[in-house]
Amino acid sequence: MHGLHAYLELVENGRPLDQEPQAPGVHEPLMKLLAHAHAEGELGVEGAWRLDSRECRKLEQRYGMSPPGGWSGLAGLACGCGVLRARREGFAPEMQLAELTHWDDAAARRLLLEAFTRLLVPPAAAAGLFILMGLHPAWGLRVAHSTHARGRAEFTGEEPDADLTAGIEPGWRDESLFPEQTAAHIEEAVFSAIAAIVAALRKLSPNERYPIDALGGLVHAASMFARQCAEENLDSGVDMGLAPFLGEARDDAGVQTHRTLDFATVDLLDSLLVPAGVARRFDDGTFCVFGGALEGVRVGELDADAQEVKLTWMLAGEAGCMVA
Numbered sequence: 001m002h003g004l005h006a007y008l009e010l011v012e013n014g015r016p017l018d019q020e021p022q023a024p025g026v027h028e029p030l031m032k033l034l035a036h037a038h039a040e041g042e043l044g045v046e047g048a049w050r051l052d053s054r055e056c057r058k059l060e061q062r063y064g065m066s067p068p069g070g071w072s073g074l075a076g077l078a079c080g081c082g083v084l085r086a087r088r089e090g091f092a093p094e095m096q097l098a099e100l101t102h103w104d105d106a107a108a109r110r111l112l113l114e115a116f117t118r119l120l121v122p123p124a125a126a127a128g129l130f131i132l133m134g135l136h137p138a139w140g141l142r143v144a145h146s147t148h149a150r151g152r153a154e155f156t157g158e159e160p161d162a163d164l165t166a167g168i169e170p171g172w173r174d175e176s177l178f179p180e181q182t183a184a185h186i187e188e189a190v191f192s193a194i195a196a197i198v199a200a201l202r203k204l205s206p207n208e209r210y211p212i213d214a215l216g217g218l219v220h221a222a223s224m225f226a227r228q229c230a231e232e233n234l235d236s237g238v239d240m241g242l243a244p245f246l247g248e249a250r251d252d253a254g255v256q257t258h259r260t261l262d263f264a265t266v267d268l269l270d271s272l273l274v275p276a277g278v279a280r281r282f283d284d285g286t287f288c289v290f291g292g293a294l295e296g297v298r299v300g301e302l303d304a305d306a307q308e309v310k311l312t313w314m315l316a317g318e319a320g321c322m323v324a
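Residue 324 is where the sequence shown ends in the UniProt record's numbering, and the numbering goes up by one at each step.
Right under this line is the structure:
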């Protein structure tokens with residue numbers, strides 16, 4: 001679906017809400033989650049980046065509540081903003097409670113969302129975008145790993161391990177397969193897609209609800225835009241290493257792509273926008289974005305103005321976005 005058509009399909013199909021909904025508080029649940037993590041020492045997980053359901057029940061019993069998106073969704077994002085640390089054995093507290101008390105709801109909302117928009121956490125949401133782009137799985141791992149490693153170093157103040165920053169922990173060490181220049185272009189393209197999506201979401205009225213399937217169309221258009229950005233910026237005369245993309249880019253989504261798109265769109269809401277306190281999902285297949293919820297949110301190193309440029313290039317059907 002062409003970028004402009006996908007964008008208009010979303011913004012022109014809002015339905016009025018009875019009243020503008022208020023964004024839920026996310027700072028207090030985050031404080032509760034961190035306090036529980038300190039009390040337990042480590043929180044069990046069931047699979048990568050997913051809080052064990054038994055831990056969710058403990059939190060519900062301890063505090064008598066569950067935040068929007070559930071404790072699991074909040075915990076996943078907390079691992080991307082320096083509150084918790086994801087380890088193979090489980091989620092461990094990274095931040096001290098005294099430090100977290102200095103945040104407020106606006107700061108917590110922004111930093112939870114930036115777990116994804118800057119660090120690609122939770123990985124499942126990033127994986128959906130990679131698949132829609134047609135990115136080779138090994139390149140997806142390389143980009144996600146190196147981005148997260150650099151981001152963690154920002155939060156902890158520690159110098160990142162050179163191997164981790166380059167995304168070459170066992171399995172993808174060979175520079176001939178994963179050249180740094182190619183990785184930089186792919187990474188920039190990924191953040192261009194996210195920037196276009198965030199810029200579009202900023203334009204939605206907080207007084208209206210919008211179709212989730214139309215959001216899916218925007219996500220698909222942004223993914224195709226990202227691939228176009230990467231392909232036009234990769235020098236065909238230079239060895240790119242492992243071929244970054246699988247198959248040919250297609251605007252018309254097949255059955256398998258539609259399934260991936262459905263998963264990626266719902267996961268974007270359920271694992272990111274809802275637990276971060278940015279959006280609400282309704283039972284009738286619509287969603288709304290809370291007023292001011294995206295204020296100050298950065299995508300990679302892009303501020304709101306730069307994100308707007310990415311959206312403009314996507315709507316124009318141009319991939320000259322890399323100059324923005």
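Don't be surprised by glycine CBs; every beta carbon is placed ideally from N, CA and C.
Item                                                                                                                      : Value
H38 burial status per 10 Å Cβ neighbour count (16 or more: buried)                                                        : exposed
Meets three-Cβ-pair contact criterion under 8 Å: the region 101-119 and the region 50-62                                  : no
Beta-carbon proximity of A243 to H148, cut-off 9 Å                                                                        : no
Three CB pairs or more closer than 8 Å across the region 70-82 and the region 104-123                                     : yes
Complete beta strand (DSSP E) runs within the region 176-239 (minimum length 3 residues, chain order)                     : 208-211
Continuous beta strand (DSSP E) stretch holding F130: start and end                                                       : It is not in any beta strand (DSSP E) - F130 instead sits in the alpha helix (DSSP H) that spans P123 to M133.
Validate contact between the region 286-295 and the region 82-99 using beta carbons, cut 8 Å, 3 pairs                     : no
Beta-carbon contacts of L30 that lie in its chain and below 6 Å, excluding the five residues immediately before and after : A108
Cβ-Cβ distance between L84 and F191 below 9 Å                                                                             : no
C229 versus A184: straight-line alpha-carbon distance, rounded                                                            : 12 Å
Where C288 sits in the DSSP three-state scheme                                                                            : strand
Under the three-state DSSP convention, the category P29 falls into                                                        : helix
Rounded separation between A279 and F245 - CA only                                                                        : 32 Å
Beta-carbon proximity check, I194 vs A222, cutoff 9 Å                                                                     : yes
Ranges of the alpha helix (DSSP H) found wholly within the region 44-101, counting only runs of at least 4                : 53-63, 70-78 and 97-100
Beta carbon of L17 nearer than 9 Å to that of E208                                                                        : yes
Reference H27; option with closest CA among P21, R54, L97 and K58                                                         : L97
According to DSSP, residues forming a beta bridge with L302                                                               : V299
Identity of the residues DSSP links to A35 by a beta bridge                                                               : DSSP, once it has assigned bridges, lists no residue as partnering A35.
For H2, three-class secondary structure by DSSP                                                                           : coil
Distance, G41 Cα to M133 Cα                                                                                               : 39 Å
Coil, strand or helix - P275 by DSSP                                                                                      : coil
8 Å contact criterion, which G241 and L177 should meet: CB distance rounded                                               : 5 Å
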